[in-house]
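Report on the structure given below.
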Amino acid sequence: MSNIKVIVTCFGSFGGMPSNPTLSIVLQSSPNITDLLNSSALPCTHETYELPVSAAGVDTAMSSIFEQIKTHEGPVIIIHCGVDGSQISDGQFKLERMGFNEKEFRIPDNEGYQPRNETIDASRGVRSAWLGSMCGGETTSDNLQSEDAASPLLDSCVAKLHAKGWAEYAVPSNSAGRFVCNYALFTSLHRAKKANETRKNNVHVMFLHVPSFELIGEEVQVRFLRDLVVACVAEVGALGPEEEVYSGPPNKEEGTVNCIDRLRA
């Protein structure tokens with residue numbers, strides 16, 4: 233299956249943060265994710281976007297993204313990337329299982345909007361959630377931690393990454409927070425669910441929370457994102473052995489930063 237489209241998004245700075253690591257690994261690093269995908273043998277096309285750090289900006293961007301994929305006949309994989317800004321960030325890559333129907337912004341977004349205890353979709357309850365990594369379904373607070381909340385595509389991708397050496401780095405997560413990251417994930421999953429009603433369930437959505445560069449270096453983060461794309465494409469399409477090639481985490485000699493030469497290889 234070669235008609236796969238991969239869309240990777242990132243965010244810019246917000247809340248006094250001078251820079252956002254996702255903007256670097258998706259658009260600014262040398263190499264960035266576009267550079268690595270251009271040099272790979274993956275049978276897919278790819279696009280990258282910077283999402284505004286605002287609810288209104290996310291709505292506009294999502295409208296544009298989902299409008300342009302209407303004409304794409306093959307599977308679509310959307311990977312949203314955001315920074316884990318929590319003070320308890322443990323230096324891991326978190327793959328979010330679900331987006332919550334809640335707007336509880338801890339700080340104003342970049343347009344000054346700060347909703348508190350509001351729903352994103354007023355037609356559903358504040359505790360409802362879309363399960364991540366389509367095609368999931370809707371669930372409620374009663375079973376968010378249960379086996380029913382598993383996201384098959386996400387869990388399969390995590391298993392692939394663990395098998396390729398990322399077990400210490402990659403973990404599934406059941407909470408994307410309640411700021412713009414969660415807003416983007418819920419909105420994207422909601423739109424994907426609607427799109428899949430006429431697209432044979434072939435729009436898939438993921439959200440990746442990355443740590444700061446102080447915890448995991450820039451080059452390692454680019455490497456992980458590339459391997460995540462490989463895992464997703466492998467799950468959605470059929471890859472030959474020559475195509476399903478992973479970079480893997482750095483070895484002890486490389487450390488967490490000095491692996492740029494292998495990334496370019």
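For what it's worth, this note's numbering labels the leading residue of the sequence shown as 233, then goes sequentially. Where is the CB? At the ideal position from N, CA and C, for every residue including glycine.
Own chain, CB closer than 6 Å to residue i, minus 5 neighbours either side, in chain order
| i | result |
| --- | --- |
| T241 | Y281, L283, H312 |
| N235 | G306 |
| F243 | N252, T254, L283, V285, G314 |
| H278 | V238, L269 |
| V519 | Residue 519 lies beyond the residue range present for the chain, which begins at 233 and ends at 497; the question has no answer from this structure. |
| E350 | K335 |
Where residue i sits in the DSSP three-state scheme
| i | result |
| --- | --- |
| Y281 | strand |
| S261 | coil |
| S271 | coil |
| P250 | coil |
| S256 | helix |
| G344 | coil |
| G472 | coil |
| G480 | coil |
| L397 | For clarity, residue 397 is Gly in the given sequence; the question names Leu instead. G397 falls in the helix class under three-state DSSP. |
Terminal residues of the alpha helix (DSSP H) in which residue i lies
| i | result |
| --- | --- |
| F298 | 287-300 |
| V240 | First-last for V240: 236-243, but that is the beta strand (DSSP E), not the alpha helix (DSSP H). |
| L417 | 412-428 |
| E451 | 450-468 |
| L385 | 384-393 |
Whether residue i touches residue j by CB criterion (8 Å)
| i | j | result |
| --- | --- | --- |
| V454 | C276 | no |
| S262 | N252 | no |
| A287 | D341 | yes |
| K335 | Y415 | yes |
| D222 | V238 | Past the boundaries of the shown model lies residue 222; the chain is included only from 233 to 497, so the question cannot be answered. |
| R329 | P404 | yes |
| C413 | A463 | no |
| F232 | G314 | Residue 232 is absent from the model: the chain starts at 233 and stops at 497. |
| L386 | L460 | no |
| I265 | V437 | no |
| R458 | S444 | no |
| A424 | L417 | no |
Range of the contiguous beta strand (DSSP E) that encloses residue i
| i | result |
| --- | --- |
| A402 | 402-405 |
Residues of its chain near residue i, where Cβ-Cβ distance is below 7 Å and the 5 sequence neighbours each way are ignored
| i | result |
| --- | --- |
| S500 | The question about residue 500 has no answer, for the chain in this structure spans 233 to 497. |
| A427 | F298, V435 |
| H394 | A402 |
| N270 | none |
| P250 | none |
Per DSSP, the bridge partner or partners of residue i
| i | result |
| --- | --- |
| G440 | The identity of residue 440 in the sequence shown is Leu, whereas the question assumes Gly. Bridge partners of L440: C313, L327. |
| C276 | I236 |
| E350 | K335 |
| V435 | V308 |
Close beta carbons around residue i, own chain, < 8 Å, minus the five adjacent residues each side
| i | result |
| --- | --- |
| T419 | V290, D291, M294, G331, I352 |
| A273 | E474, E475, V477 |
| P481 | G397, W398, E400, Y401, V452, R455, F456 |
| Q346 | F337, I339, P340 |
| R410 | F332, E334, K335, E336, F337, R338 |
| E429 | none |
Cβ-heavy atom distance, residue i to the ligand PLP, below 7 Å
| i | result |
| --- | --- |
| D387 | This structure lacks the ligand PLP, and indeed carries no ligand of any kind. |
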